[in-house]
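Right, one structure below, let's go through it.
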Amino acid sequence: MIDYLDLKKINHSFEPELSETVGRIVRSGWYLLGEENKGFEREFADYCGTAGCVAVGNGLDALTLIFMAYCSLGLMQPGDEVIVPANTYIASILAVQRAGLKPVLCEPEWETCNIDPERIEALITEKTKAILVVHLYGRACHMPKIKSLAAKYALKIVEDCAQAHGARDGGVRVGALGDAAGFSFYPGKNLGALGDAGAVTSDDEALIDRVRVLSNYGSSKKYVHPFRGVNSRMDELQAAVLRLKLKRLDQDNEKRKQVALRYLQGIRPSSGLCLPAFDDPEAHVFHIFTVFCAQRDALQAFLKERGIQTLIHYPIPPHRQDSMTEFAACSLPITERIHREELSLPISPEMSEEDIRCVIDAINEFLDQVAF
Ligand SMILES: *Cc1c(COP(=O)(O)O)cnc(C)c1O
6 MIDYLDLKKI
16 NHSFEPELSE
26 TVGRIVRSGW
36 YLLGEENKGF
46 EREFADYCGT
56 AGCVAVGNGL
66 DALTLIFMAY
76 CSLGLMQPGD
86 EVIVPANTYI
96 ASILAVQRAG
106 LKPVLCEPEW
116 ETCNIDPERI
126 EALITEKTKA
136 ILVVHLYGRA
146 CHMPKIKSLA
156 AKYALKIVED
166 CAQAHGARDG
176 GVRVGALGDA
186 AGFSFYPGKN
196 LGALGDAGAV
206 TSDDEALIDR
216 VRVLSNYGSS
226 KKYVHPFRGV
236 NSRMDELQAA
246 VLRLKLKRLD
256 QDNEKRKQVA
266 LRYLQGIRPS
276 SGLCLPAFDD
286 PEAHVFHIFT
296 VFCAQRDALQ
306 AFLKERGIQT
316 LIHYPIPPHR
326 QDSMTEFAAC
336 SLPITERIHR
346 EELSLPISPE
356 MSEEDIRCVI
366 DAINEFLDQV
376 AF
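Taking this note's numbering, I'd label the letters of the sequence shown as residues 6 to 377.
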């Protein structure tokens, strides 16, 4: 059986340091807002190339807190619009809504699956305050056109970096490509904790300060609450684990790229299967290795029969979810095609050569059998 992602194996590769770290935090008697938190914030800001970082409870909260902070600072107000890619994980859209703002869905490019810069301008209204870019599947959005639109219309650029830790565009890492960025360290992400965790990065000191205050009950100092905040803090345990794992992030991303290269070289070209472009090696950290196939469900069943586990990211687009009826009338053909045809192959830094070979052979066998 080839797992989609073997988290046990991944975390085992950090032993014995990982268990030593957990034990050290247990014995320390200090579990929130301590030295590990401060250390992680400093190290992660340095890694991304930003002045500031706030460690928070999860990725959804990181994104929500950015928009809450902009509202709290008077830069956005309820009902303002944020342009969001239509094909993303639901969290990107929920974050905008939770802050009282209105997501406006934008079609992606078929080639990159990221927001299509050419379609953004037509969606800008007097209420538009921000563009939320999502570096989906681990591929950094190409920013120049988006940046010039943001400058032209005085919009903030917020990044959803939950899938792209370490990816770069033009030599700059995600997290430092816009005005503020949200990260998730959900266990399966390229940088994963032993539970939920997230972070906000930014060069904007006022934004960082407000996110910090809002994430801790709106408290400026203990028992003084000038703002209505939430409770979204990163545990010392998670901060310590992430500091350990951050040291190996670049190396692990490199291993993911090697797996991706093997797939790209080994899977034979076919009109029936679309593989991800890998034209800019720094831009993609392959959180997800996507293939697109009109006979996706047959391919998934075929691989399953051969003991290969795959996933679909994602089976139902946000605008077709029952919780998002305001988008029911939207027609988003590119987004819908992505959701209809996408299949995610196993990929991880710990994947063996034998497993990679097995996946390649099975896909080539499927392509031989099926007429497109
Ligand atoms: C994982 C993910 C999130 C949310 O992160 P959580 O830590 O699970 O809240 C947000 N956006 C995208 C694109 C994600 O993949």
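We put the beta carbon where it would ideally sit given N, CA and C, even for glycine.
Burial state of residue i, where buried means 16 or more other Cβ atoms lie within 10 Å
i: alanine 127; result: exposed
i: histidine 324; result: buried
i: arginine 238; result: buried
i: proline 322; result: buried
i: valine 61; result: buried
i: proline 354; result: buried
i: methionine 6; result: exposed
i: serine 220; result: buried
i: histidine 140; result: buried
i: lysine 134; result: buried
i: lysine 161; result: buried
i: arginine 32; result: exposed
i: arginine 29; result: exposed
DSSP state of residue i mapped onto helix, strand, coil
i: phenylalanine 45; result: helix
i: valine 205; result: strand
i: proline 320; result: coil
i: serine 349; result: strand
i: serine 357; result: coil
i: arginine 32; result: helix
i: lysine 250; result: helix
i: threonine 130; result: coil
i: glutamate 259; result: helix
i: serine 189; result: strand
i: alanine 135; result: strand
i: aspartate 8; result: coil
i: asparagine 236; result: strand
i: alanine 60; result: strand
i: arginine 178; result: strand
Whole-Å CB distance - residue i paired with residue j, under 8 angstroms assumed
i: cysteine 111; j: valine 89; result: 7 angstroms
i: proline 113; j: isoleucine 343; result: 7 angstroms
i: isoleucine 313; j: alanine 367; result: 6 angstroms
i: leucine 348; j: leucine 280; result: Contact doesn't hold; Cβ gap of about 11 angstroms is too wide.
i: alanine 145; j: valine 179; result: 5 angstroms
i: asparagine 63; j: glycine 203; result: 5 angstroms
i: alanine 198; j: glutamine 243; result: 4 angstroms
i: alanine 172; j: glycine 193; result: Not confirmed; about 17 angstroms, so no contact.
i: alanine 50; j: glycine 57; result: 6 angstroms
i: isoleucine 361; j: arginine 215; result: Isoleucine 361 to arginine 215, Cβ: 46 angstroms. No contact.
i: leucine 251; j: glutamate 48; result: 6 angstroms
i: glycine 54; j: valine 138; result: Contact flag wrong, Cβ pair sits at about 17 angstroms.
i: valine 375; j: glycine 277; result: 6 angstroms
**Request:** Assess, as a yes-or-no matter, whether the region 244-262 is touched by the region 113-126 under the definition of 3 or more beta carbon pairs within less than 8 angstroms.
**Result:** no
**Cβ pair count under 8 angstroms reaching 3, the region 91-99 against the region 325-342** = yes
**Request:** Could you tell me whether the region 159-167 touches the region 181-196, using the rule of 3 or more Cβ pairs below 8 angstroms?
**Result:** yes
**Asked** Taking one C-beta from the region 134-154 and one from the region 273-290 each time, how about it: are there three or more such pairs within less than 8 angstroms?
**Response** yes
**Prompt:** Taking only runs of the alpha helix (DSSP H) that begin and end inside the region 79-103, which ones reach a length of at least 4 residues, in chain order?
**Reply:** 95-103
**Request:** Evaluate the contact criterion for the region 67-87 versus the region 290-297: three or more CB pairs, one atom per stretch, below 8 angstroms.
**Result:** no
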